[in-house]
Amino acid sequence: MRERDVLLPGVTTLARVRDETTRRLWGVLEGLLTVGQRYVLDQLLEVPPGSRISDLERWRKGPVPRGSGPTLIKALDQVAEVMGLGMGELGADRLVPPRRLAELAKYGMSADASQIRRHRDGRRLATLLATVAFLEAKSIDDTLELLDLLMTTELLNKAQTAADKEKIRKHPKLAKASARLAVAVEALFDSDSWGGPEEEPRVAEVWEAIEAVVSRAELRAALVLVSENVLPADAEDPEDWRSELVG
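According to my numbering, the sequence shown is numbered sequentially starting from 285.
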């Protein structure tokens with residue numbers, strides 16, 4: 285336009301074009317909705333009987349960030365409610381630039397329900413459509429975060445604690461059995477000093493020395509207990525918490 289000496293439009297003209305474009309945007313989004321969907325979207329701004337806030341406000345707040353089963357169930361119920369409207373299936377993102385949808389959703393996530401209600405049909409319904417489409421993704425993200433929190437706080441930590449308690453419960457028995465094995469091995473080492481350099485102690489003599497401090501029956505029982513509860517030296521770290529997690 286400068287090269288051809290064409291006068292650029294003034295600010296008022298640009299503003300009028302912008303407003304016309306915005307209204308056309310609202311009309312495109314409104315045209316995607318059926319009569320039933322328009323009614324359902326408008327009902328999101330109303331406060332249901334027995335509630336203190338509208339469904340839109342409840343969805344915007346999302347579930348309480350608490351890692352518990354009931355909270356996760358509420359989050360899943362909200363995902364089902366939001367997805368049930370089917371706003372994400374209308375294909376608005378194929379007709380409207382993502383930035384404009386994001387602007388509408390941002391306004392819908394912050395404005396009061398009464399403020400949205402006062403807008404004309406085109407802007408109100410377009411705002412609600414973009415907001416609900418945004419809430420579909422947000423509700424799923426919130427639910428996944430709650431699942432992660434639940435796994436960490438309620439399941440993994442509790443399973444680890446239960447496994448640790450089981451180890452502590454077994455510890456006194458293991459300590460006693462290990463002490464018996466220790467004295468037996470100590471007596472075995474002491475047998476190396478018996479007799480002269482060329483004289484090897486007999487096995488019977490070694491057993492006699494061991495049984496002087498711990499009986500053979502107690503030693504066998506201690507060996508069984510330690511073998512059952514202590515992993516071999518070359519084994520990987522135990523993951524007892526996994527079996528507790530199943531429970």
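Even for Gly, the Cβ is constructed at its ideal location relative to N, Cα and C.
None of the values given here were measured: they were computed from a predicted structure.
Cut-off 8 Å between Cβ atoms - residues of its own chain near residue i, not counting five sequence neighbours on either side
i	result
L316	L374, G375, A376, L379 and L413
A496	A471
A519	Its pLDDT being 49, under 50, A519 is placed unreliably in this model, and the coordinates cannot settle the point.
V490	A471, L472 and S475
Contact under 8 Å by Cβ, residue i with residue j
i	j	result
L472	A506	no
A417	M371	yes
V498	V469	no
L431	S352	no
L409	L325	yes
Candidates the options: closest to residue i by CA position
i	options	result
A461	R500, T445 and Q321	R500
R401	S335, V319 and L340	L340
I494	S475, S511 and L409	S475
L419	T445, R407, E287 and G392	G392
T355	A299, H403, L428 and V490	L428
R344	S394, G334 and L503	S394
Bounding residues of the alpha helix (DSSP H) (the contiguous stretch that carries residue i)
i	result
A493	V487 to E495
P382	P382 to S394
E373	Premise fails: E373 is in no alpha helix (DSSP H) and is neither H nor E.
P354	G353 to G368
E429	D405 to L434
S398	A397 to R401
V498	V498 -> no alpha helix (DSSP H), and no H or E assigned at all.
E330	Counting along the chain, E330 falls outside any alpha helix (DSSP H), and DSSP gives it neither H nor E.
G346	First-last for G346: undefined, no H or E at that position.
R302	V295 to G315
Cβ-based neighbour list, residue i, same chain, cut-off 7 Å, excluding 5 preceding and 5 following
i	result
R384	L309
R338	Contrary to the premise, residue 338 reads as Ser rather than Arg in this sequence. Closer than 7 Å at Cβ, skipping near neighbours: L328, L329, E330, V331 and A397.
V319	none
R322	L409
G406	R307, W310, G311 and E314
K457	L509
L486	Just to set this straight, residue 486 is Arg in the shown sequence, not Leu. For R486, where only same-chain residues beyond five positions count, there are no Cβ hits under 7 Å.
D303	none
E502	R464
Contacting residues, own chain, Cβ-Cβ under 6 Å from residue i (five flanking each side not counted)
i	result
S423	Q362, V363 and V366
V295	none
A389	A414, T415 and F418
G346	D426
K358	P347
S511	none
heavy atom of the ligand FAD below 7 Å from residue i C-beta
i	result
P382	Of ligands this structure carries none, so the ligand FAD is not represented either.
C-beta neighbour in chain C for residue i, strict 8 Å
i	result
A506	Absent from the structure: chain C. Only one protein chain is present.
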